[in-house]
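Protein chains in written order, with my numbering: chain G, 1 to 256; chain C, 1 to 256; chain X, 1 to 285; chain L, 1 to 285. All C-beta atoms, glycine included, are put in the ideal place defined by N, C-alpha and C. Below is one structure, written out as structure tokens; comments come after it.
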Amino acid sequence: MTNFTSTEMMTVAAARALKNSDVCFVGIGAPSAACNLARLTHAPDITLIYESGTIGTAPDVLPLSIGDGELCDTAVTTVSVPEMFRYWLQGGRITVGFLGGAQLDKFGNINTTVVGDYDNPKVRLPGGGGAPEIAVSCGEIFITMKQSLRGFVDKLDFITSLGHGTGGTDRADKGVTTKGPSRLITDLAIWEPDPETKEFTVTSLHQGATREQVAETVGWKAKFAAELSETPLPTAEELEVLRDLHARTKAAHSGN
Amino acid sequence: MTNFTSTEMMTVAAARALKNSDVCFVGIGAPSAACNLARLTHAPDITLIYESGTIGTAPDVLPLSIGDGELCDTAVTTVSVPEMFRYWLQGGRITVGFLGGAQLDKFGNINTTVVGDYDNPKVRLPGGGGAPEIAVSCGEIFITMKQSLRGFVDKLDFITSLGHGTGGTDRADKGVTTKGPSRLITDLAIWEPDPETKEFTVTSLHQGATREQVAETVGWKAKFAAELSETPLPTAEELEVLRDLHARTKAAHSGN
Amino acid sequence: MAKIQSLSEAVAENIKDGDTVAFEGFTHLIPHAAAHETLRQGRKDLTVIRMTPDIIYDQMIGMGAVKKLVFSFAGNPGVGLLRRMRDAVENQWPRALEIEEHSHAAMANAYEAGAAGLPCAIFRGYRGAELVRVNPNIKFVNCPFTGEELAAVPAHRPDVAVIHAQKATKKGDVLIEGITGVQKEAVLSAKRSIVTVEEIVDDFDDVHPNATVLPCWTVTSVAKVPGGSHPSYTQGYYARDNASYLEWDKISADREVFMEWMREHVMNETPEIFAKRVAHLKVQG
Amino acid sequence: MAKIQSLSEAVAENIKDGDTVAFEGFTHLIPHAAAHETLRQGRKDLTVIRMTPDIIYDQMIGMGAVKKLVFSFAGNPGVGLLRRMRDAVENQWPRALEIEEHSHAAMANAYEAGAAGLPCAIFRGYRGAELVRVNPNIKFVNCPFTGEELAAVPAHRPDVAVIHAQKATKKGDVLIEGITGVQKEAVLSAKRSIVTVEEIVDDFDDVHPNATVLPCWTVTSVAKVPGGSHPSYTQGYYARDNASYLEWDKISADREVFMEWMREHVMNETPEIFAKRVAHLKVQG
């Protein structure tokens with residue numbers, strides 16, 4: 001087994017959670033790498049959708065933005081942005097949406113809007129973009145984020161997008177019928193919501209990660225499943241495909 | 001001056017009412033002939049829109065249906081039908097809409113739904129199609145119909161589309177801000193709404209038509225303007241272009 | 001993922017008695033072959049939705065397959081009234097027909113809302129129009145910002161949408177070109193869908209990036225039926241058979257003539273006949 | 001009917017101090033040249049609308065031209081935050097900036113409603129999202145059929161929409177291909193519009209019938225500015241200049257560096273420079 005980074009482990013674990021029949025709403029960064037890794041390995045027919053309007057894309061390199069030309073060149077079709085949000089996202093056609101953000105709480109609620117007070121922010125973040133409706137319209141949500149006390153907080157400064165709300169049945173009580181965050185994939189572990197409380201619970205540790213590390217890098221008291229798995233290591237093929245993808249991407253984007 | 005039919009006079013009079021800058025929502029039959037005659041004579045840049053989604057069409061022959069292939073072949077662009085009704089009609093981009101129907105009243109309200117009672121009709125007509133919203137969304141409405149006691153009635157069996165309602169300010173009172181029927185062009189005369197009462201008033205008689213003929217072929221007491229014009233005769237050019245258009249149309253459609 | 005199968009299989013698997021079905025097409029691309037197959041398979045008690053019911057719904061109504069019609073303009077395009085539909089509405093022959101009547105704008109918006117996953121469509125419509133009195137599925141809401149009153153109708157959510165298109169790929173992606181009508185919205189608003197196509201090709205690599213394409217995973221069933229929209233037309237393949245529309249006015253005028261014509265040209269035929277019907281109408285490529 | 005004129009004339013005639021302007025583009029086709037011309041002409045107190053404000057709004061905000069920003073995602077795509085916008089929001093430099101913040105779905109629906117002539121857009125949105133608390137332009141209505149609560153936002157109706165596109169005809173019809181974003185809706189929702197294009201051609205006879213075309217009578221002004229979207233890209237003409245996006249992160253980090261860069265590359269330049277900027281990024285035809 002070769003060496004690998006925690007980011008690679010996170011990407012591989014996210015990729016494995018995707019099925020060949022999934023229709024994914026892809027964001028830039030880790031989700032894009034995970035979705036394309038899935039497509040290039042076990043899920044060749046997976047449908048990747050970027051919110052710029054490109055449906056069924058198969059880029060040879062990872063896009064730098066959600067509207068890169070290659071996404072359109074390789075798409076089955078490219079639709080307008082109003083149509084994307086109306087017919088495709090709101091229409092309930094997306095099985096998996098990816099989210100991440102500056103702050104995450106234990107119920108999978110996310111903040112990408114401000115650090116501090118909304119009207120007098122310490123840091124003005126980019127804002128929600130597609131997230132508020134991705135969070136409620138996709139069949140389920142995968143969250144990929146690296147663990148840190150700054151990012152994994154007890155209380156969000158601002159709720160940009162809904163996860164499981166205050167937990168329990170709160171999400172359903174708000175009239176939301178989709179599953180919400182069903183998986184949190186970090187650089188250390190895989191978390192899944194407790195069936196009752198909906199609080200994220202560690203179900204699998206990545207190689208080398210300890211309970212202590214996991215607990216020390218979140219701003220709440222981390223819960224662990226009774227039976228804790230060890231995340232299967234990245235295979236040689238997964239690593240090779242992922243690294244080739246990143247190498248092609250780097251070559252293409254520095255080529256200009 | 002050559003001879004001409006009353007239908008030709010009606011078509012020519014309707015064509016003349018159109019300006020080069022108009023954007024017309026065209027129906028099949030007389031309106032289609034009038035709009036294309038205008039385009040082939042004094043209004044070469046007029047924009048013709050058919051509700052099938054074809055924008056800026058310039059058919060060489062008159063279409064048999066509002067969705068003939070030639071409308072698409074010669075259009076600036078062809079959009080979906082939801083877009084047609086949302087962005088183009090409701091969006092307020094149409095300056096002139098044409099309507100006609102089985103029954104018309106003196107305020108320009110039209111019935112194309114049923115003769116008799118709605119639930120037990122004597123004659124089930126095709127229904128409104130685009131008319132209910134054409135009637136209120138276009139800048140103004142031109143109505144072309146041949147006069148007859150059966151068609152020009154004192155009271156409609158059913159109000160498919162709004163004209164000036166019960167007259168006066170009724171149309172505006174219903175929250176409609178467009179002008180409504182501004183011209184009724186028949187085989188005998190041109191009628192325009194009275195500025196106050198909005199009742200159609202004869203403003204111009206076609207050659208050979210008498211006040212008596214006009215009055216006898218409508219089911220209400222016809223009003224005439226104080227100063228009654230005589231509709232200018234079709235010019236030789238207008239008749240030639242119109243007849244060529246009909247000849248080309250006949251040849252094309254019997255060609256199969 | 002779309003199944004590529006025979007029209008007979010597609011109809012058998014997807015259309016059930018009592019279903020709500022939208023056979024859509026706006027003058028162009030009307031799915032005649034699929035409607036005929038549905039009649040041959042004896043489907044009944046259907047609720048049929050269409051903006052512009054024309055010959056195929058006249059045929060389905062005349063054969064007694066339809067319980068309810070949801071529509072906005074029922075005519076034989078360029079010719080006149082629908083005589084079988086009139087007979088059903090005016091004389092309950094061969095059975096009574098429920099109708100739910102809208103305007104085109106309402107129907108187009110209802111498909112759009114269905115495709116968009118909304119429960120209703122909101123638009124500026126029906127002002128001063130009497131359909132409001134006879135159709136309880138027309139309501140009004142107020143804009144929460146301006147107070148303006150806007151019309152609302154329920155979204156269309158048919159069990160099955162049936163359309164005809166130019167091409168599909170071997171995977172089942174579908175391409176619609178020219179006058180596209182409400183067909184994309186009909187398929188996206190429906191639980192299941194059947195698409196008949198003129199031909200099946202390897203890929204759409206040469207197609208415009210913004211062309212109207214339904215990805216294979218949005219379509220249930222694809223069946224190759226060349227000529228399948230006759231006497232309607234398919235842009236790029238064959239022209240409209242105007243004579244057939246004129247002829248329909250005569251055929252549909254009489255119950256006996258109608259029944260005999262249906263037996264001969266529909267009930268005892270197969271989808272293969274459609275290719276022959278368009279042979280003389282082919283468009284020069 | 002569209003006027004074909006210079007960019008300088010187009011901006012002078014159409015954009016006034018205090019106007020609400022939407023410079024749209026979704027990664028692709030961002031109208032950089034038109035934004036720079038607007039700054040050169042000294043427009044101020046603008047309300048600017050855009051789903052994805054990026055470098056051009058960072059520049060306009062940093063130069064003090066913007067009073068209010070209506071947006072859903074403010075970032076340097078693929079790079080990071082917008083530093084001039086942050087400076088305005090966090091430190092009121094060079095002036096305070098009002099913000100009206102939405103989600104992408106709300107913004108897209110608001111443009112769609114504006115194009116459709118509606119006062120508001122209705123969609124399934126904002127559930128459990130805190131923007132509802134801070135943005136009074138988010139309200140809720142109930143579906144009159146199901147009772148479901150749906151979000152509502154006012155339609156966008158900008159004074160001016162500004163976009164970049166591939167081509168116009170001599171009459172002023174405009175063709176947009178590839179990732180078309182919300183540009184068609186922005187133009188149709190606006191009172192006036194400016195479109196910069198790569199080239200002006202005789203006609204669109206070879207264009208797909210369902211391509212995204214804005215007829216000349218829906219556009220106020222067309223100006224030919226080759227390279228006018230740099231460092232964004234124009235599909236079929238030139239690629240995205242990724243290095244410029246990375247460079248912006250450094251330029252915008254410091255007020256002095258920013259001001260000096262703007263003087264040299266924007267205020268003292270002309271639209272002709274854009275053709276040179278894309279020379280090394282040309283796509284092989």
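Inter-residue Cα distance where the pair is residue i and residue j
| i | j | result |
| --- | --- | --- |
| L/Val153 | L/Asn268 | 40 angstroms |
| L/Val160 | L/Ile15 | 7 angstroms |
| X/Ala129 | X/Leu69 | 20 angstroms |
| X/Glu199 | X/Ser6 | 13 angstroms |
| G/Lys198 | G/Asp105 | 12 angstroms |
| X/Ser189 | L/Gln183 | 25 angstroms |
| C/Asn109 | L/Ala275 | 57 angstroms |
| L/Lys44 | L/Glu9 | 17 angstroms |
| G/Asn36 | G/Val12 | 11 angstroms |
| L/Ala186 | G/Ser80 | 12 angstroms |
| L/Phe71 | C/Pro181 | 42 angstroms |
| C/Leu40 | C/Thr47 | 12 angstroms |
| L/Ala35 | C/Ile49 | 34 angstroms |
Opening and closing residue of the alpha helix (DSSP H) in which residue i lies
| i | result |
| --- | --- |
| C/Leu71 | 69 to 73 |
| X/Val195 | Not the alpha helix (DSSP H): X/Val195 falls in the beta strand (DSSP E), residues 192 to 201. |
| L/Gln59 | 55 to 62 |
| C/Glu237 | 236 to 254 |
| C/Leu40 | 30 to 40 |
Residues that DSSP places opposite residue i in a beta bridge
| i | result |
| --- | --- |
| G/Ser137 | Paired residues: none, contrary to the question. |
| X/Leu69 | X/Val48, X/Ile99 |
| L/Asn76 | L/Gly80 |
| G/Phe107 | Looking at the DSSP assignment, G/Phe107 forms no beta bridge with any residue, so it has no partner. |
| C/Arg124 | C/Val114 |
| L/Tyr233 | L/His28 |
| C/Cys24 | C/Leu48, C/Val96 |
Option in the options with minimal Cα separation from residue i
| i | options | result |
| --- | --- | --- |
| G/Arg149 | G/Glu83, G/Glu216, G/Ile66 | Reading off the sequence, residue 149 of chain G comes out as Leu, not Arg. Checking every option, the nearest Cα to that of G/Leu149 belongs to G/Glu216. |
| L/Ala65 | L/Ile56, L/Ser72, L/Gly227 | L/Ile56 |
| X/Val201 | X/Pro209, X/Ile194, X/Leu175, X/Val195 | X/Leu175 |
| L/Gly236 | X/Phe23, X/Met262, X/Thr212, X/His208 | X/His208 |
| C/Thr74 | C/Ile55, C/Asp154, C/Met84, C/Leu37 | C/Ile55 |
| G/Asp45 | G/Gly53, G/Ala33, G/Cys24 | G/Cys24 |
| C/Asp194 | C/Lys179, C/Gln207, C/His206, C/Gly208 | C/Lys179 |
| L/Glu37 | L/Val162, L/Asp206, L/Thr212, L/Gly117 | L/Val162 |
| C/Gln103 | C/Trp88, C/Met84, C/Asp157 | C/Asp157 |
| G/Arg248 | G/Pro63, G/Lys221, G/Met145, G/Cys138 | G/Pro63 |
| X/Asp19 | X/Arg157, X/Tyr111, X/Ala33 | X/Arg157 |
| G/Pro126 | L/Val79, L/Tyr111, L/Ala12 | L/Val79 |
Range covered by the beta strand (DSSP E) that runs through residue i
| i | result |
| --- | --- |
| X/Cys120 | 120 to 123 |
| X/Phe145 | First-last for X/Phe145: undefined, no H or E at that position. |
| G/Trp191 | 189 to 193 |
| C/Lys198 | C/Lys198 -> no beta strand (DSSP E), and no H or E assigned at all. |
| C/Tyr50 | 47 to 50 |
| L/Val288 | Past the boundaries of the shown model lies residue 288 of chain L; chain L is included only from 1 to 285, so the question cannot be answered. |
CB contact below 9 angstroms: residue i versus chain A
| i | result |
| --- | --- |
| L/Ala105 | Going by chain labels, chain A is absent from the structure shown, which instead holds the protein chains G, C, X and L. |
**Prompt:** Is the stretch 125 to 135 of chain X touching the stretch 237 to 254 of chain C in the sense that three or more CB pairs, one from each, lie closer than 8 angstroms?
**Reply:** Between the stretch 237 to 254 of chain C and the stretch 125 to 135 of chain X, the count of Cβ pairs shorter than 8 angstroms is below three; the stretches do not touch.
**Message:** Using 8 angstroms as the cut-off, can you tell me whether the stretch 165 to 179 of chain X makes contact with the stretch 209 to 224 of chain X, which would need three or more C-beta pairs spanning the two stretches below that distance?
**Reply:** The stretch 165 to 179 of chain X, when compared against the stretch 209 to 224 of chain X, does touch it at the 8 angstroms Cβ threshold.
**Item:** Segment contact, 8 angstroms Cβ cut-off, at least three pairs: the stretch 184 to 191 of chain C with the stretch 233 to 243 of chain G
**Value:** The stretch 184 to 191 of chain C vs the stretch 233 to 243 of chain G: no contact.
**Asked** At a cut of 8 angstroms, does the stretch 90 to 98 of chain X reach the stretch 109 to 122 of chain X through at least three beta carbon pairs?
**Response** With a cut-off of 8 angstroms on Cβ pairs, the stretch 90 to 98 of chain X is not in contact with the stretch 109 to 122 of chain X, counting fewer than three such pairs.
**Message:** Taking 8 angstroms as the cut-off, does the stretch 226 to 238 of chain G touch the stretch 200 to 209 of chain G (at least 3 CB pairs, one atom from each stretch)?
**Reply:** Judged by Cβ distances under 8 angstroms, the stretch 200 to 209 of chain G makes contact with the stretch 226 to 238 of chain G, as three or more pairs qualify.
**Message:** Does the stretch 90 to 99 of chain C come into contact with the stretch 15 to 32 of chain C, if we say contact requires no fewer than three beta-carbon pairs (one atom in each stretch) closer than 8 angstroms?
**Reply:** Yes, since at least three Cβ pairs between the stretch 90 to 99 of chain C and the stretch 15 to 32 of chain C fall closer than 8 angstroms, the two stretches touch.
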